[in-house]
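Protein chains: 2
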Amino acid sequence: MVSMVLKGWDNALREWDDLLAGISDEQLAKEIVLGRNRGVYLLGHLIAVHDEMLKILGLADLQYPEWQTLFIQLPDRSAPLPPAALLRTTWKQQCDLIRNKFRQLTVGQWFDRHRLISAENFVNEPHRNRLNVVLTRIAHVHHHTGQLALLQQATA
Amino acid sequence: MVSMVLKGWDNALREWDDLLAGISDEQLAKEIVLGRNRGVYLLGHLIAVHDEMLKILGLADLQYPEWQTLFIQLPDRSAPLPPAALLRTTWKQQCDLIRNKFRQLTVGQWFDRHRLISAENFVNEPHRNRLNVVLTRIAHVHHHTGQLALLQQATA
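If you read the protein sequences in the order shown, they are chains A and B.
Just so we're aligned, residue -6 is where the first sequence starts under our numbering, counting upward by one.
Just so we're aligned, residue -6 is where the second sequence starts under our numbering, counting upward by one.
Following this line, the structure appears as structure tokens:
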């Protein structure tokens, strides 16, 4: 079960990375749909969401706290974004960090509660474990991969 | 494990359905990105892919065989599509059918091989079971939900 979810994580990231590798910084700077998020915002958004995920899993403190606002709370074009090259590098480093952290967890720890649920509530809602957090983030990656795919095809 | 995947299926479908409910037939007839798939094609595409999924799972014959070509092999605008209203009704019926079929499977049957792998190969690749097919289709729904979300926001 745990290995199936971790494989799902790897698959989601690989799909995103394969797409991203075929998209230039210039293309990333374009909006996917007129007036909506640019590719570069989506990349930063995934980094910020996964940064928060590590915190929720109790595996690390926020590495890029200022990006929580920039890429989660604020919509695109609210403030200048970091350069695409920096986001790409950060993304790779973060993916490595996450894989390492994931590997260190035992099966029991995967089924333990995450940081957003109290010990009392976890008794009645045992599905709110670490593994479930990763499952929802896998879905989230696929959601935005579908959007990134449009960027590639639209500007190809 | 099985119930976690089935919950993932329900969540993916609910997210899609919530979005779809807020999108008119007129909006569905629009392209998500200029020159790319229309919303109505995405809806038909999900139906065709899930129709094929039931076959791969060994749970049913194809219900809409002609849509395999129309919504999987051919890109959008290759041929006239069925009306959105018919696709919406078909989608609902299919979702109900799938939930019923899923409920009838035992845990052991979920971990049994699917129709695209032979008994011999399954010995070496036991992860190619029914549950894994559903996991990949969940990812697929999220991929296109991300695109449908753009349609809603772009034309709102």
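Glycine included, every Cβ here is placed at the ideal spot set by N, Cα and C.
Taking a C-beta cut-off of 9 Å against chain B, the contacting residues of the segment 3 to 20 of chain A are Asn4, Ala5 and Glu8, listed in chain order.
Here Asn4 (chain A) carries a helix assignment [DSSP, helix/strand/coil].
The three-state reading of DSSP puts Arg29 (chain B) in coil, since its state is none of H, G, I, E or B.
Contact note: Met46 (chain A) does not reach chain B at a C-beta cutoff of 9 Å; the least C-beta distance is about 16 Å.
Among the residues facing chain B, Gln140 (chain A) is included, as its CB has a counterpart in that chain under 8 Å away. Counting of Cβ neighbours within 10 angstroms places Leu79 (chain A) among the exposed residues, the total staying below 16.
Three or more pairs of CB atoms, one per stretch, sit closer than 8 Å, so the segment 32 to 52 of chain A contacts the segment 83 to 97 of chain A. For Thr99 (chain A), no alpha helix (DSSP H) segment is defined, and its DSSP state is neither H nor E. Ranked by Cα distance from Ala22 (chain A), the options A:Trp9, A:Gly37, A:Glu8 and A:Asp10 are led by A:Gly37. The beta carbons of Thr82 (chain B) and Ile40 (chain B) sit about 11 Å from each other, so the pair does not count as a contact at 8 Å. About 16 Å separates the CB atoms of Ile131 (chain A) and Arg121 (chain A); that is not less than 8 Å, and the two are not in contact. Interface annotation, His137 (chain A): in contact with chain B, CB-CB separation under 8 Å. Listed along chain B, no residue sits closer than 8 Å to Arg106 (chain A) by beta-carbon distance, the nearest being about 15 Å off. Residue contact with chain A for Gly1 (chain B): present (Cβ-Cβ distance below 8 Å to some residue of chain A).
Note that the segment 131 to 146 of chain A touches the segment 9 to 22 of chain A; at least 3 beta-carbon pairs, one per stretch, sit closer than 8 Å.
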